[in-house]
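Reading through the structure tokens given below for one structure.
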Amino acid sequence: MLQSNVMKKATGHEKRSILVVGNWKLNPQTQKSATTLFSHIKKAVASKQAHARVALCPPVVFFGSVQKLSNTGRIALGAQDVFFESQGAFTGQISLSMLKDVGVQYVIVGHSEKRAQGESNETVAKKVATVLKGNITAIVCVGETTRDAHGDYFTVVETQLRAILKETTGAQVGRLVIAYEPVWAIGTGKNATADDIQEMKLFIQKVIADTLGRAAVLKIRILYGGSVTTDNAKEILHEAKVDGFLVGGASLKVVEFKGIVSIADAYGQ
Ligand code: PGA
Numbered sequence: 001m002l003q004s005n006v007m008k009k010a011t012g013h014e015k016r017s018i019l020v021v022g023n024w025k026l027n028p029q030t031q032k033s034a035t036t037l038f039s040h041i042k043k044a045v046a047s048k049q050a051h052a053r054v055a056l057c058p059p060v061v062f063f064g065s066v067q068k069l070s071n072t073g074r075i076a077l078g079a080q081d082v083f084f085e086s087q088g089a090f091t092g093q094i095s096l097s098m099l100k101d102v103g104v105q106y107v108i109v110g111h112s113e114k115r116a117q118g119e120s121n122e123t124v125a126k127k128v129a130t131v132l133k134g135n136i137t138a139i140v141c142v143g144e145t146t147r148d149a150h151g152d153y154f155t156v157v158e159t160q161l162r163a164i165l166k167e168t169t170g171a172q173v174g175r176l177v178i179a180y181e182p183v184w185a186i187g188t189g190k191n192a193t194a195d196d197i198q199e200m201k202l203f204i205q206k207v208i209a210d211t212l213g214r215a216a217v218l219k220i221r222i223l224y225g226g227s228v229t230t231d232n233a234k235e236i237l238h239e240a241k242v243d244g245f246l247v248g249g250a251s252l253k254v255v256e257f258k259g260i261v262s263i264a265d266a267y268g269q
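In my numbering, the protein residues as written are 1 to 269.
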């Protein structure tokens, strides 16, 4: 393993399509701080070497104020969730067409924090189908809660993944992004190792090949999320060869997020 890692380093970077997504979750607390944070990040990530794609997912109530900022520059607007119905008596829900109307290009679906609130694989699958049919990119989260010694976490991820892939057609695969986010790594400061991420990436690709065929493997980007920082981003991109990151806590810190995006730019094309 060590030898092959050294060889990979010696042969340099493999350029690929890289995506870095910042998930602000329930932050910040005011419209003013959301616009300030968005514009500071926008300035910080402006670069002549902008090879990676970048998206930020603020809370929906701030879309009105940040939409203008996302119209120029490199930051696309993303949503943290969506509802699967398009209209009607569904108090508290937001539809895909509403999100599209305010310029959203990416939607996170099935985040573990939504799953922890009771969101099932079936609901995640319905949401994925809605997003893909609506011509928007779905960033769908999968990941185990704990890592047991018997490898049961592969079964957990496979079940989550099969529910999603059942709803995906060959024509839609380019708009499907899978984010491997082990729940124990989210917000804990403990990221998965590059070897473990690479192993899971290969496993996810095997399930995709089984379900949708080998051609789909090349089109579906696989991100990693869970305590990504400037300290671990390079190793994860380089060794695990993921196609980018879903970043939580670090996306609220301008310098840290800029650092992660610059690392991603070196691998993006
Ligand atoms: P974290 O969150 O980067 O704060 O661990 C990741 C996520 O929840 O997507």
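Note that CB positions come from ideal geometry on N, CA and C, so glycine has one too.
Small disclaimer: the values here were computed from a predicted structure and weren't measured.
Exercise. Shortest alpha-carbon distance to Gly226 belongs to which of Asp195, Gly73, Val183?
Worked result: Val183
Exercise. Which whole runs of the beta strand (DSSP E) in the stretch 168 to 251 are 3 residues long or more, in chain order?
Worked result: 176 to 180, 221 to 225, 244 to 247
Problem set entry | Anticipated Cβ contact below 8 Å, Tyr106 with Val21, distance rounded | 7 Å
For this session: Consult DSSP for Leu19 and reduce its assignment to one of helix, strand or coil.
Result: strand
For this session: Tell me whether Arg289 sits in a helix, a strand or coil according to DSSP, three-state version.
Result: The chain is shown from 1 up to 269; residue 289 falls before or after that span and cannot be answered.
For this session: Report all residues for which the CB-ligand distance to some heavy atom of the ligand PGA is below 6 Å; order them along the chain.
Result: Asn23, Glu181, Ile186, Gly187, Gly225, Gly226, Ser227, Val228, Leu246, Val247, Gly248, Gly249, Ala250
For this session: Between the Cα of Phe245 and those of Val61, Gly103, Asn191, Thr36, spot the shortest distance and give me the residue it belongs to.
Result: Asn191
Exercise. By a C-beta neighbour count over all protein chains shown, 10 Å radius and 16 as the cutoff for buried, is Leu86 buried or exposed?
Worked result: Sequence inspection shows Ser at residue 86; the Leu mentioned does not correspond to that position. Ser86 should be labelled exposed.
Exercise. What's the call for Gln80, buried or exposed, on a 16-neighbour Cβ count within 10 Å?
Worked result: buried
Problem set entry | Selection from Asn232, Gln205, Thr211 that minimises the alpha carbon distance to Ile220 | Gln205
Exercise. For Thr229, which residues of its own chain have a beta-carbon under 6 Å away from its beta-carbon, when the five flanking residues on both sides are left out?
Worked result: Ala250
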